[in-house]
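See structure below.
Number of protein chains: 2
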Amino acid sequence: MAENKFSGPEAEARCVPMSRLQAVLSGKWKILILWYVAFYKVQRFGALLRRLDGITQSTLTRQLRELEADGFLRRTVYPEVPPRVEYTLTGLGESFLPVLQQMLAWSEVHLCPGYVNPYGPAPE
Amino acid sequence: MAENKFSGPEAEARCVPMSRLQAVLSGKWKILILWYVAFYKVQRFGALLRRLDGITQSTLTRQLRELEADGFLRRTVYPEVPPRVEYTLTGLGESFLPVLQQMLAWSEVHLCPGYVNPYGPAPE
DNA sequence: GCCAATGGTACGAAAAAGGGTACCAGCGCC
DNA sequence: GGCGCTGGTACCCTTTTTCGTACCATTGGC
Numbered sequence: 386m387a388e389n390k391f392s393g394p395e396a397e398a399r400c401v402p403m404s405r406l407q408a409v410l411s412g413k414w415k416i417l418i419l420w421y422v423a424f425y426k427v428q429r430f431g432a433l434l435r436r437l438d439g440i441t442q443s444t445l446t447r448q449l450r451e452l453e454a455d456g457f458l459r460r461t462v463y464p465e466v467p468p469r470v471e472y473t474l475t476g477l478g479e480s481f482l483p484v485l486q487q488m489l490a491w492s493e494v495h496l497c498p499g500y501v502n503p504y505g506p507a508p509e
Numbered sequence: 386m387a388e389n390k391f392s393g394p395e396a397e398a399r400c401v402p403m404s405r406l407q408a409v410l411s412g413k414w415k416i417l418i419l420w421y422v423a424f425y426k427v428q429r430f431g432a433l434l435r436r437l438d439g440i441t442q443s444t445l446t447r448q449l450r451e452l453e454a455d456g457f458l459r460r461t462v463y464p465e466v467p468p469r470v471e472y473t474l475t476g477l478g479e480s481f482l483p484v485l486q487q488m489l490a491w492s493e494v495h496l497c498p499g500y501v502n503p504y505g506p507a508p509e
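Line by line, the protein sequences are chains S and W.
Numbering follows my numbering, with no gaps: position 55 of the first sequence is 440.
Numbering follows my numbering, with no gaps: position 67 of the second sequence is 452.
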């Protein structure tokens, strides 16, 4: 019943990390949030809320908390008035940047072929 | 109100492809399905159903139809009895393979650090 | 005639995800 | 004393996604 030499336990073994990544990246806004935080240094709650068109405050809170729980973001509260909260990448989050860049580059070329980004290729 | 030189329309312009990719990859099984079809040549409906532990038949049908609609997979029906259906990558799907590989490699290293894949690094 | 195999469809239930609104704290400003 | 700013929480409703079960067509083998 084997389809080829890769079928069987090898394939299964890869599924654990793959499933985990799928779970972490699911959610309507996660990739976009990482994108803003990572490349455009949009790190404050209010700034993210203004950028993510259509997201609600409660949803943004939830997504940020999940990214924090998954180890991508660090939440720093500055005890000022009015309060200031900044979200920055953790080590894990930074290690993910090349993947994010490749995903963006591929999307710009293959997923939105008619779409011309007036600002050239991705940063870095 | 600008956070740095990258804030503003540049960031917004990137969001169209990013959002589109997020939408395409959402769903509990999509990445895993692409992974099986692409690297392990598990291309028949029944074989995928057996591999994807916990998926139901109707969900698998829906995910495959969506991947087909998004242009990643091609559905080929062989008029035999019992019927045989194979799912293969389109050109778009194949262009996505490097991204998929990098995602897997990153996951194996960073997302499942204690997890040792007994079969070595990803194929190719 | 009956059963098995493949690749589905249909329909409702359940679960997960997201949205909408209200409300809160603390301090500065006028 | 009331208002505005920031970054939330609480709660409930709606939408989306997934699950679970039942059912179907075709044809070969017994």
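For every residue, glycine included, the Cβ atom is placed at its ideal position computed from N, Cα and C.
Reduced DSSP category for Thr441/W - H, G, I as helix; E, B as strand; rest coil: Locating residue 441/W in the second sequence gives position 56, counting from the first residue. Residue state, collapsed to three classes: coil.
By the three-class DSSP mapping on this structure, what secondary structure does Val422/S have? On the first sequence, position 37 is the one that residue 422/S refers to. Reduced to three states, the DSSP call for Val422/S is helix.
Taking Tyr421/W as the reference, which of Leu410/W, Ser411/W, Leu437/W has the closest Cα? One-based indexing of the second sequence puts residue 421/W at position 36. Per the Cα distances, Leu437/W.
Mind checking if Gln448/S is an interface residue toward chain W, Cβ cutoff 8 angstroms exclusive? The sequence position of residue 448/S within the first sequence is 63, counting from 1. For Gln448/S, no Cβ of chain W is located within less than 8 angstroms of the residue's own Cβ.
Secondary structure of Val501/W, DSSP reduced to three states: Along the second sequence, one-based indexing puts residue 501/W at 116. Coil.
As assigned by DSSP and simplified to three states, the class of Thr461/S: Within the first sequence, the letter at position 76 stands for residue 461/S. The answer is strand: DSSP assigns Thr461/S an E or B state.
Rounded to the nearest angstrom, what separates Gly439/S and Thr446/W at their Cα positions? Numbered from 1 along the first sequence, position 54 holds the residue referred to as residue 439/S. Numbered from 1 along the second sequence, position 61 holds the residue referred to as residue 446/W. Distance between the alpha carbons of Gly439/S and Thr446/W is about 30 angstroms.
Whole angstroms is fine: what's the gap from Val401/S's alpha carbon to Phe424/W's? Within the first sequence, the letter at position 16 stands for residue 401/S. Within the second sequence, the letter at position 39 stands for residue 424/W. Approximately 15 angstroms, taken between the alpha carbons.
In chain S, which residues lie with their C-beta within 7 angstroms of the C-beta of Tyr500/W? Here residue 500/W corresponds to residue number 115 of the second sequence, with the count starting at 1. Result: Val401, Pro402.
Can you tell me whether Thr475/S is helix, strand or coil according to DSSP? In the first sequence, counting from the first residue as 1, residue 475/S sits at position 90. Reduced to three states, the DSSP call for Thr475/S is coil.
In the structure shown, what three-state DSSP assignment does Val470/S receive? What you label residue 470/S is simply residue 85 of the first sequence in a count that begins at 1. Three-state result, Val470/S: strand.
Does the stretch 487-501 of chain W touch the stretch 471-483 of chain S, meaning 3 or more C-beta pairs lie closer than 8 angstroms? yes
Under 8 angstroms between C-beta atoms, does Arg405/W make it to chain S? Locating residue 405/W in the second sequence gives position 20, where the first residue counts as 1. With 8 angstroms as the cut-off, Arg405/W counts as an interface residue toward chain S.
From Leu458/S to Leu433/S, what distance separates their C-alpha atoms? Within the first sequence, numbered from 1, the residue matching residue 458/S stands at position 73. Within the first sequence, numbered from 1, the residue matching residue 433/S stands at position 48. Taking the straight line from one Cα to the other gives about 14 angstroms.
State the Cα-Cα distance for the pair Ser404/W and Asn502/S, rounded to the nearest angstrom. Position 19 of the second sequence, counted from the start, is the residue given in the question as residue 404/W. Position 117 of the first sequence, counted from the start, is the residue given in the question as residue 502/S. Those two C-alpha atoms are separated by around 14 angstroms.
Nearest CA to the CA of Gln487/S: which residue from Leu452/S, Gln442/S, Phe430/S, Pro506/S? As a working note, residue 487/S is residue 102 in the first sequence. Closest option to Gln487/S, Cα to Cα, is Pro506/S.
Using 8 angstroms as the limit for Cβ to Cβ distance, is Val484/S near chain W? In the first sequence, the residue the question calls residue 484/S occupies position 99. So, interface residue.
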